[in-house]
Amino acid sequence: MSTKLNRFERYVSSNLGYGSSAFTYKELLLFTEKLLAQLVKKVPLPEALEIVFESTGNRVQRMVLFSISSAVNSGTPLSQAMLTFKDVFPNFYIAMIMAVERSGYFIRGLEAMVLHLRNEKRMFDYVNVVWFYLRFIGYFVLGGILFFLFRTGLVSTDLYSVAFTIAGTAFVILLVSWFGRFLARKERRKESIIKHIPLAGSLHNWSVVSRYCFLFNVFHRSGVPVHQINNLLIHYLNEGYIVDDIRKINDLIKSKADPDHIPNIFEVIPKTLAREIMLYHVEKTKFDSIQKYSQYVTTEIDELAERILKMEKQALSAAVLVIGLMVYFSLIY
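Numbering (our numbering), first residue to last: 415 to 747.
This is the structure we're talking about:
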């Protein structure tokens with residue numbers, strides 16, 4: 415059962431822009447927490463990595479962590495050692511480690527990473543709930559439509575007609591799904607889809623832009639020029655429309671007299687919750703006060719979750735109403 419859940423989590427993760435990884439999102443958080451716990455005890459980094467991989471149950475992960483700890487023990491920076499296993503660790507996670515290393519505050523940086531990853535995990539937990547609602551509503555409505563068609567006699571109940579109707583309904587669902595993906599590829603910023611699916615827009619924007627905020631802040635405080643930061647992040651956040659936004663930020667920077675000027679984020683980020691978080695992060699928080707940022711984001715996620723769950727309950731109520739009407743009319747006829 416746990417294997418199926420891990421596969422499901424990786425599938426959802428890849429569709430939210432986390433990228434495929436030998437570590438699930440929860441495992442990334444657990445790895446970071448364990449590493450931080452050892453470093454706080456003043457255990458050297460190579461030894462801390464050895465302790466972490468010895469406590470890891472997954473054989474593949476143990477082999478990877480052993481190789482990384484050996485590389486770090488020979489003087490290789492942690493982020494560079496992780497780059498050898500780009501198929502194991504997602505790009506954004508390696509970028510976070512790299513940013514924390516360059517900041518000069520490794521332990522404090524890992525603490526900030528843990529807070530950030532916990533918030534993304536909270537968002538992921540809400541995604542699981544939403545997926546359950548969406549699947550439940552979809553099956554419920556599909557069952558009601560089929561019942562209505564058969565009960566009213568619009569479709570014959572012989573085996574051929576039943577099979578044809580179910581296959582036709584499945585084809586329509588696949589067609590709609592394909593059309594949605596086509597729009598997503600055509601509109602890389604997904605603005606047209608976000609207007610109609612606030613759930614997808616809010617969650618995807620929050621996860622990617624929040625990472626951008628974290629990385630931008632840490633790199634900037636470590637003295638990396640803004641335009642170089644964005645070039646780095648284009649490489650590490652190659653997850654769809656956010657790259658276009660970063661390029662626009664770069665264009666704005668080049669048009670300013672001060673190359674380190676941070677442009678108005680409102681000019682380049684879509685009008686979503688993520689834009690509010692980005693503005694707050696860039697203008698009001700520092701690396702020293704990452705806890706305040708974490709508390710702010712936690713509150714925002716909870717409010718977003720409430721809106722999502724309310725929206726899903728409304729959709730469920732509408733589905734129940736539609737099914738009820740279908741059953742009513744089918745009984746009349």
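Cβ atoms here follow ideal geometry from the backbone N, Cα and C, with glycine treated the same way.
| Query | Result |
| --- | --- |
| Output the distance between the C-alpha atoms of lysine 456 and leucine 449, rounded to the nearest integer angstrom. | 11 angstroms |
| My output table needs one value for valine 632: the three-state DSSP class, helix, strand or coil. | helix |
| By alpha-carbon positions, which one of Val466, Lys440, Gly489 ends up nearest to valine 478? | Val466 |
| Taking the alpha-carbon of valine 474 as reference, which of Glu441, Glu525, Pro460 has the nearest alpha-carbon? | Glu441 |
| In angstroms with no decimal places, state the Cα-to-Cα distance between serine 488 and arginine 625. | 30 angstroms |
| Quick one: what's got a C-beta closer than 7 angstroms to serine 483's C-beta in the same chain, skipping five residues either side? | Pro460, Leu463, Glu464, Phe467 |
| Between leucine 646 and methionine 510, which are expected to be in contact by the criterion C-beta below 8 angstroms, what is the C-beta distance as a whole number of angstroms? | Wrong, their Cβ atoms sit about 12 angstroms apart, outside the cutoff. |
| So for valine 528, helix, strand or coil by DSSP? | helix |
| Let me know if serine 517 comes out buried or exposed under the rule of 16 or more other beta-carbons within 10 Å of its beta-carbon. | buried |
| What would DSSP say about lysine 440, mapped onto helix, strand or coil? | helix |
| Could you spell out the range, first to last residue, of the alpha helix (DSSP H) harbouring tyrosine 507? | 505 to 517 |
| Exposed or buried, what is proline 504 when buried is set at 16 or more other beta-carbons lying within 10 Å of its beta-carbon? | buried |
| Hey, would you say isoleucine 508 sits closer than 9 angstroms to methionine 496, going by beta carbons? | yes |
| Going by CA-CA distance only, name the one from Thr498, Ala485, Lys500, Val454 that's closest to phenylalanine 520. | Val454 |
| Please state if the CB of threonine 470 and the CB of leucine 524 are separated by a distance shorter than 9 angstroms. | no |
| Quick check: the Cα distance between alanine 513 and valine 486, rounded to an integer number of angstroms? | 17 angstroms |
| Where glycine 637 and glutamate 515 are concerned, what is the direct C-alpha to C-alpha distance, given to the nearest angstrom? | 12 angstroms |
| Have a look at Gln452, Asn472, Glu534 and flag the residue whose alpha-carbon is nearest the alpha-carbon of valine 502. | Asn472 |
| Need the endpoints of the alpha helix (DSSP H) that serine 493 sits in, please. | 492 to 497 |
| Specify the secondary structure class of valine 486 as computed by DSSP and reduced to three states. | helix |
| Hey, how far is the Cα of isoleucine 643 from the Cα of phenylalanine 506? | 13 angstroms |
| Do lysine 500 and tyrosine 439 count as a contact pair if the criterion is CB distance below 9 angstroms? | no |
| Helix, strand or coil for glycine 523? Go by DSSP, reduced to three states. | helix |
| State yes or no: is the C-beta of arginine 522 within less than 9 angstroms of the C-beta of leucine 443? | no |
| Looking at the structure shown, is valine 454 part of a helix, part of a strand, or coil, going by DSSP? | helix |
| Name the two residues that bound the continuous alpha helix (DSSP H) containing valine 466. | 459 to 468 |
| Could you pull out every residue in the same chain whose Cβ sits closer than 6 angstroms to the Cβ of arginine 476, ignoring the five residues on either side in sequence? | Phe467, Thr470 |
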